[in-house]
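Working notes, structure below.
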Amino acid sequence: MSAPVEGAIGALYPFLDARPTDVDAVLAEVARSTAEKATEIVALRDSLVAEHGQRLLDCAHRCATAFRAGATLFSFGNGGSSTDAQDVAQLFLHPPTAARPLPAISLTHDVALITALSNDVGFEVVFARQLAAFGRAGDIAVGLSTSGGSTNVLRAFEEAARRGMVTIGIAGYDGGRMAESAAVDHLFVVPSASVHRVQEAQTTLYHVLWELTQQALADER
Amino acid sequence: MAPGQALADDAVRIGRACHEMAVRFHRGGKLIVFGNGGPATDAQHVVVEFVHPVIVGKRALPAISLTNDAATLTGISRTEGFDEVFAAQLRLLAAPEDIALGLSVDGRCANVRRGLVTARDLGLLTVGLFGGDGGDIARDAIADHAVVVSSDDPCIVKEVHVTIYHILWELVHVFFEQPGLLDPAVVR
């Protein structure tokens with residue numbers, strides 16, 4: 617008789633049995649579910665072309681124009697999205713392939729600033745206050761939030777919009793509060809219920825945005 | 674086959690790596706992650722996955738990234754050289770029951786190689802996520818478990834790496850839910 621595992625993992629992997637069991641049987645099942653996830657993310661990425669293709673092109677042209685006018689890109693997010701923000705910044709600043717390096721700064725890694733702002737004012741201002749200090753009209757703000765609901769990301773967009781910056785939001789699910797914000801000029805939403813698949817597809821979105829921006833800069837030269 | 678779908682072919686290898694990782698965590702080990710450039714951000718992302726799980730109720734597992742501390746990174750680089758930045762930290766922070774995870778988009782990072790060699794010599798379980806042709810690190814089979822994403826585009830390699838480490842986290846927890854599989858005698 618089996619004893620199904622309860623809770624979230626049990627729901628994700630109904631084949632699990634709480635009793636000691638055969639390693640090879642579990643390995644076969646996890647291999648099958650891994651193959652399913654690979655298929656799922658490939659299909660999700662494919663779907664982004666129809667959903668966002670033209671809008672990514674439009675956004676890239678706007679970024680290219682901004683960079684040609686001397687813009688700096690600022691990126692921000694929380695948790696896993698903070699690492700994406702750093703990846704966005706290093707991708708633009710120090711491209712992995714032959715491409716034009718562009719000024720970009722992630723607002724997520726100065727621990728002194730982030731702890732100072734959190735301690736003295738509140739965590740909701742950690743990105744907005746940095747944009748207030750660094751951001752100029754025509755600069756670019758890229759905010760990532762898988763839920764679309766991170767208050768500090770939304771506050772940063774409001775500050776960026778106030779300063780006349782180009783604002784780009786990358787979110788998951790239904791876009792959350794980011795989808796309702798008037799401060800976001802270009803919004804890209806990954807429609808998946810899995811936070812992991814959302815993050816994976818968001819990575820593709822900003823890679824493509826970077827490539828298209830590079831192409832637009834080369835074309836306009 | 675496109676690299677994203679080709680991941681399915683590595684599924685059994687990934688499953689075995691996760692099983693051994695779960696055994697290490699069960700013994701009290703921690704996960705230590707490192708890489709350069711984009712993969713440095715991946716190292717930090719992996720840590721968030723394990724320490725602060727997205728699924729409510731999943732236990733936090735100990736993980737640290739060797740890429741966060743600019744003082745340490747620049748200090749070691751100045752005195753011992755950049756190739757030693759991860760190995761030097763591992764010698765001080767790692768215990769034999771730990772797991773080392775190194776990421777490199779082309780498998781040709783001297784400091785990642787030095788980190789994995791040092792980890793292996795200290796008795797850690799070593800796991801590598803690479804790209805391109807796997808470079809010298811995959812060729813010389815430095816890591817106990819290596820997954821190579823066969824693409825020369827570092828952006829595509831990164832995208833598949835993100836899926837792989839999400840799956841690593843999820844499968845480690847799957848094995849945790851199967852206590853009978855965490856006995857070292859079960860691991861082959």
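Those sequence lines, one after another, are chains A and B.
According to my numbering, the first sequence is numbered sequentially starting from 617.
According to my numbering, the second sequence is numbered sequentially starting from 674.
Using N, Cα and C, we set each Cβ at its ideal position, and we do this for glycine too.
If you check the beta carbons only, do residue i and residue j fall under 8 angstroms apart?
i      : j      : result
L734/B : L765/B : no
A799/A : T820/A : no
A705/A : S722/A : yes
M781/A : A757/A : yes
A772/A : L680/B : no
L803/A : R716/A : no
P827/B : G807/B : no
A761/B : A651/A : no
V800/B : A816/B : yes
G688/B : L844/B : yes
V785/B : I810/B : yes
P712/B : V822/B : no
A695/B : L795/B : no
L760/A : I786/A : yes
G764/A : G788/A : yes
A776/A : L747/A : yes
V814/A : T762/A : yes
H818/B : A690/B : yes
L746/B : P769/B : no
V820/B : R697/B : no
V811/A : D790/A : no
V741/A : Q851/B : no
H692/B : V639/A : yes
What is the DSSP secondary structure of residue i, counted as helix, strand or coil?
i      : result
T626/B : Residue 626/B lies beyond the stretch modelled for chain B, which goes from 674 to 861, so this question has no answer here.
S823/B : coil
T820/A : helix
D856/B : coil
L734/B : coil
I784/A : strand
V729/B : coil
E693/B : helix
A675/B : coil
Starting from the C-beta of residue i, find all residues in its chain whose C-beta is less than 6 angstroms away, skip the five residues before and the five after it, and write them out in chain order.
i      : result
R861/B : Because R861/B carries a pLDDT of 49, less than 50, the predicted location of this residue cannot be relied on, and no value is offered for it.
V719/B : V706, Y838
M617/A : In this prediction, M617/A scores a pLDDT of 34, lower than 50, which makes its location untrustworthy; the coordinate-derived value is nonetheless stated afterwards. Here the set comprises nothing.
T829/A : A676, C679, A680
A728/A : none
A720/A : L689, A705, F708, L709
E816/A : I657
What do you reckon, is the C-beta of residue i under 7 angstroms from a heavy atom of the ligand GTP?
i      : result
E740/A : Among the components of this structure there are no ligands whatsoever, and the ligand GTP is therefore not found.
Skipping 5 residues on each side, what residues in its chain have a beta carbon closer than 7 angstroms to that of residue i?
i      : result
A685/A : G754
A792/B : L763, A767, A773, T799
L770/A : R793, M794, S797
R678/A : V782
H710/A : P717
F755/B : N784
F759/B : F707, L739, N784, V785, R787, G788
F849/B : A695
L673/A : L828
A687/A : G754, D755, I756
Q702/A : S722, T724, H725
Less than 8 angstroms between C-beta atoms, sequence neighbours within five positions excluded: which residues of the same chain meet that for residue i?
i      : result
V835/B : D715, H718
W637/B : Nothing about residue 637/B can be reported from this structure: the residues present for chain B run from 674 to 861 only.
I737/B : K703, L704, I705, V706, V720, L766
A682/A : G754, D755, I756, V782
K731/B : H846
Using a Cβ-Cβ cut-off of 8 angstroms, state whether residue i counts as contacting chain D.
i      : result
L707/A : Of the chains in the structure shown, none is chain D; the protein chains are A and B.
Using 8 angstroms as the threshold, is the region 669–681 of chain A in touch with the region 815–830 of chain A, meaning 3 or more CB pairs across them?
Contact holds: three or more Cβ-Cβ distances are below 8 angstroms.
Whether or not the region 658–666 of chain A and the region 691–707 of chain A are in contact is what I'm after, with contact meaning three or more pairs of Cβ atoms, one per stretch, closer than 8 angstroms; do they touch?
They do not touch, by the three-pair rule.
At 4 residues or longer, and completely inside the region 738–782 of chain B: list those alpha helix (DSSP H) runs for me, N to C.
Within the region 738–782 of chain B, the alpha helix (DSSP H) runs of at least 4 residues that lie entirely inside it are, in chain order, 743–753, 758–766.
Identify every run of the beta strand (DSSP E) within the region 743–770 of chain A, keeping only runs that are complete inside it and at least 3 residues long; order them along the chain.
As far as the region 743–770 of chain A is concerned, its whole beta strand (DSSP E) runs of at least 3 residues are 756–761.
Which whole runs of the alpha helix (DSSP H) in the region 682–742 of chain A are 4 residues long or more, in chain order?
696–709, 727–736, all fully within the region 682–742 of chain A.
Please confirm if the region 705–712 of chain B is in contact with the region 770–779 of chain B, defined as three or more CB-CB distances below 8 angstroms between the two stretches.
Touching, yes, given that three or more Cβ pairs across the two stretches are closer than 8 angstroms.
Sequence ranges, alpha helix (DSSP H) only - wholly within the region 784–823 of chain B, length at least 4
You should have 808–812.
Could you tell me which uninterrupted alpha helix (DSSP H) segments, each at least 4 residues in length, are contained entirely in the region 786–836 of chain A, listed from first to last along the chain?
DSSP assignment within the region 786–836 of chain A yields the following whole alpha helix (DSSP H) runs of 4 residues or more, N-terminal first: 792–796, 811–836.
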